[in-house]
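This report refers to the structure that appears directly beneath it.
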Amino acid sequence: MEQTPEETRERILQATGLLMRRHGFKAVTTKAIAKEAGVNESTLFRHFGSKKGIVEALVQRYSYMPLFRGLLDRLEGDLERDLAQMANAYQSFMRQNGDMVILALRDAGAFEELDERAASVPKEFKDCLIDYFASMRERGLLGDTDLEAQAMGFIWLNLGFFLSRSLFGDRITTVDQERFLQHSVAAFARGLRS
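According to the working numbering, the sequence shown is numbered sequentially starting from 37.
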C-alpha cells in the first residue's frame with residue numbers, strides 16, 4: 037500500500053530523530069536518514085530540501101509553544117497558580133521530549149541558522165511570559181521589576197530542574213518534581229509580588 041506524502045514525511049522525521057539521538061546531528065547523513073526511513077534520498081529532498089530542512093521541521097515539532105499558547109489562554113489571573121500550571125506543563129513537555137532537548141543542547145553550533153530556529157522557541161516563551169507579567173503588573177498584582185529578567189529566571193528555574201534530573205537523576209537532590217515546583221513557584225511568585 038502506497039503511503040501518503042504526510043506519512044512519508046512522518047517516517048523521515050522519525051528516522052531523523054532516531055538517528056540523531058544515537059549519533060548526534062553532525063554524524064547523521066541524508067543517505068542514512070533515507071535508508072532508516074525506507075525511502076530514496078531524492079524523496080527526502082523532495083519533502084524537506086535538505087538535512088537542515090528536516091531538522092527545522094523537527095525543531096518545530098518539538099516546540100513547546102503550541103502547548104503554552106493554549107495554556108496562556110486558560111490562565112486564571114492568580115500568579116502562583118498560573119506559574120504552577122506553566123511550570124508543570126513545561127516539565128511534562130520536557131520529560132516527554134528530553135532526548136531531543138539534550139540533543140539540541142549537545143549539538144548547538146552545528147548550524148548557525150538552526151541555532152537561531154532552536155533559540156526562537158524559548159525566546160517566544162520568554163516573550164509570552166513578559167506579556168503575562170506585564171498584564172499582572174497592570175492589574176497591580178506584580179511589583180516593579182525587570183520583566184525580562186524575571187521571565188528568564190522562571191525559564192532557568194524550570195530548565196535547571198529538568199537538566200539536573202535528566203543528566204544526574206537524584207544524585208544532586210532527592211527533592212521530587214512536585215515538591216520542587218510547589219516551593220520554588222511559591223517563592224518565585226512571592227518575589228514577583230513584592
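Glycine included, C-beta positions come from ideal geometry on N, C-alpha and C.
Whole-angstrom distance between residue j and residue i, CA atom to CA atom
i	j	result
residue 227	residue 39	54 angstroms
residue 203	residue 190	20 angstroms
residue 219	residue 225	10 angstroms
residue 155	residue 184	16 angstroms
residue 74	residue 56	16 angstroms
residue 175	residue 192	26 angstroms
residue 222	residue 102	25 angstroms
residue 45	residue 163	31 angstroms
residue 94	residue 53	8 angstroms
residue 159	residue 210	30 angstroms
residue 104	residue 212	23 angstroms
residue 148	residue 92	12 angstroms
residue 124	residue 118	10 angstroms
residue 72	residue 51	6 angstroms
residue 116	residue 109	16 angstroms
residue 69	residue 152	23 angstroms
residue 112	residue 208	34 angstroms
residue 64	residue 86	12 angstroms
residue 43	residue 196	36 angstroms
residue 206	residue 200	8 angstroms
residue 177	residue 214	25 angstroms
Heavy atom of the ligand ZN within 7 angstroms of residue i beta-carbon
i	result
residue 223	The ligand ZN is absent from the structure shown, which contains no ligand whatsoever.
Cβ-Cβ distance between residue i and residue j below 8 angstroms
i	j	result
residue 127	residue 194	yes
residue 77	residue 67	yes
residue 60	residue 143	yes
residue 169	residue 187	yes
residue 146	residue 62	yes
residue 130	residue 198	yes
Selection from the options that minimises the alpha carbon distance to residue i
i	options	result
residue 132	97, 61, 45	97
residue 83	111, 62, 48	48
residue 114	136, 171, 72, 201	171
residue 107	64, 161, 152	161
residue 41	72, 71, 79	79
Contacting residues, own chain, Cβ-Cβ under 6 angstroms from residue i (five flanking each side not counted)
i	result
residue 230	179
residue 99	157
residue 135	57
residue 90	52, 84
Same chain only: Cβ atoms within 8 angstroms of residue i, ignoring 5 sequence neighbours per side
i	result
residue 166	183, 184, 187
Neighbourhood of residue i by C-beta distance below 7 angstroms, restricted to the same chain and skipping five residues each side
i	result
residue 137	130
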